[in-house]
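Engineer: One structure, as structure tokens, below. Some questions next.
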Ligand SMILES: Nc1ncnc2c1ncn2[C@@H]1O[C@H](COP(=O)(O)OP(=O)(O)OP(=O)(O)O)[C@@H](O)[C@H]1O
Ligand SMILES: [Mg+2]
């Protein structure tokens with residue numbers, strides 16, 4: 025297999041300075057996995073708060089250097105990439121779309137800039153064309169977004185713009201850190217379904233970081249479960265969640281099956297049916 029992205033025993037520790045002592049926090053410990061360049065997938069990272077998910081995401085994105093181990097993109101250490109070349113291949117999506125955009129800046133500016141800087145588009149009509157195409161892939165369009173400011177959109181719409189901005193760069197990998205957790209529960213499944221379409225139609229691989237088990241179970245091809253920086257379980261999503269071997273993954277499985285989350289799951293499914301033209305609600 026030729027790997028798109030490969031983590032080779034990646035660890036990250038932080039030192040936390042107190043007044044009289046400094047202690048090391050091992051946020052991520054010896055995590056290894058690889059995504060196949062020829063087989064796009066949604067690779068999910070699940071874990072409770074503080075388990076090291078965002079630290080892992082930042083290392084994949086080249087924002088944090090690992091304390092030990094290596095992250096490779098196309099076989100090459102991420103640290104050796106020129107930033108622009110790297111961002112043309114790997115794009116982030118963050119939790120809070122309102123923080124991702126400056127409130128005083130028009131949204132189309134971000135998209136145009138990304139198209140020029142990372143997407144290789146030159147000239148007004150090529151730039152407009154590629155921005156419109158990316159927006160249409162997320163169910164929006166350039167005429168709808170042109171000239172608008174972040175506060176004029178809902179959180180769900182704004183997260184779609186953030187996804188479109190990532191797509192404009194024409195990346196091979198998207199790293200999405202809790203992309204649905206700030207979004208109204210009723211819209212979560214539509215964003216997650218969008219990830220599935222991007223995988224199937226554009227051949228994009230997605231590292232999907234979440235603590236939302238229902239969406240993870242529904243959309244993931246493979247997943248890892250992290251606890252205190254360590255991968256405690258990994259494998260195909262259905263296999264892991266239907267036959268968990270680690271006590272922590274058993275707890276997670278049971279959480280998926282609580283009436284509350286099962287209800288949310290059913291509700292999103294029936295809403296999906298209702299959105300389909302011609303479907304009866
Ligand atoms: N820049 C930093 N400096 C010091 N400690 C950090 C830093 N970033 C993360 N940590 C610590 O590393 C551990 C893992 O944090 P991380 O943000 O990766 O967890 P997470 O799984 O993303 O949590 P959440 O679900 O709350 O987003 C935590 O103990 C956190 O306090
Ligand atoms: Mg986090």
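In the working numbering, the protein residues as written are 25 to 305.
Where is the CB? At the ideal position from N, CA and C, for every residue including glycine.
Rounded to the nearest angstrom, how far is the Cβ of residue 203 from that of residue 117, given a contact under 8 angstroms?
Structural biologist: Contact flag correct, Cβ pair sits at about 5 angstroms.
Engineer: Rounded to the nearest angstrom, what separates residue 255 and residue 278 at their Cα positions?
Structural biologist: Approximately 19 angstroms between the Cα atoms of the pair.
Engineer: I need the straight-line Cα distance from residue 54 to residue 94, nearest angstrom please.
Structural biologist: So the alpha carbons of these two residues sit roughly 10 angstroms apart.
Engineer: Using 8 angstroms for Cβ pairs, my map puts residue 201 next to residue 233. What's the rounded Cβ distance?
Structural biologist: Right, their Cβ atoms sit about 5 angstroms apart.
Engineer: Between residue 77 and ligand 2, is there a pair consisting of the residue's CB and a ligand heavy atom that are separated by less than 6 angstroms?
Structural biologist: It does: the Cβ of residue 77 is within 6 angstroms (strictly closer) of some heavy atom of ligand 2.
Engineer: Taking 6 angstroms as the cut-off, is the beta-carbon of residue 42 closer than that to any non-hydrogen atom of ligand 1?
Structural biologist: No, the Cβ of residue 42 stays beyond 6 angstroms of every heavy atom of ligand 1.
Engineer: What are the boundary residues of the alpha helix (DSSP H) that residue 148 is part of?
Structural biologist: 148-161 is the extent of the alpha helix (DSSP H) around residue 148.
Engineer: Any idea if residue 128 is buried or exposed, counting beta-carbon neighbours within 10 angstroms, 16 or more meaning buried?
Structural biologist: Exposed, because fewer than 16 other Cβ atoms sit within 10 Å of the Cβ of residue 128.
Engineer: Could you check if residue 189 is buried or exposed, using at least 16 other CB atoms within 10 Å of its CB as the buried criterion?
Structural biologist: Looking at its Cβ environment, which holds 16 or more other Cβ atoms inside 10 Å, residue 189 is buried.
Engineer: For residue 272, which residues of its own chain have a beta-carbon under 6 angstroms away from its beta-carbon, when the five flanking residues on both sides are left out?
Structural biologist: Excluding residues within five positions, the ones whose Cβ falls inside 6 angstroms are 251, 256.
Engineer: Could you name each continuous alpha helix (DSSP H) segment of 4 residues or more that falls completely within the stretch 115-149, going from the start of the chain to the end?
Structural biologist: Whole alpha helix (DSSP H) segments, 4+ residues: 121-124, 131-141.
Engineer: What is the C-beta distance between residue 247 and residue 231, in whole angstroms, given that I count them as a contact (C-beta under 8 angstroms)?
Structural biologist: Contact doesn't hold; Cβ gap of about 11 angstroms is too wide.
Engineer: Answer yes or no: the CB of residue 74 versus the heavy atoms of ligand 1, is any distance below 6 angstroms?
Structural biologist: Flag set: Cβ of residue 74 near ligand 1.
Engineer: According to the neighbour-count rule (16 or more other Cβ atoms, all chains shown, within 10 Å of its Cβ), is residue 30 buried or exposed?
Structural biologist: Burial call: buried.
Engineer: With burial defined as no fewer than 16 other Cβ atoms inside 10 Å of the residue's Cβ, what is the status of residue 41: buried or exposed?
Structural biologist: By the 10 Å Cβ count, residue 41 comes out exposed.
Engineer: Out of 51, 38, 66, which one is the CA nearest neighbour of residue 199?
Structural biologist: For residue 199, the nearest C-alpha among the options comes from 66.
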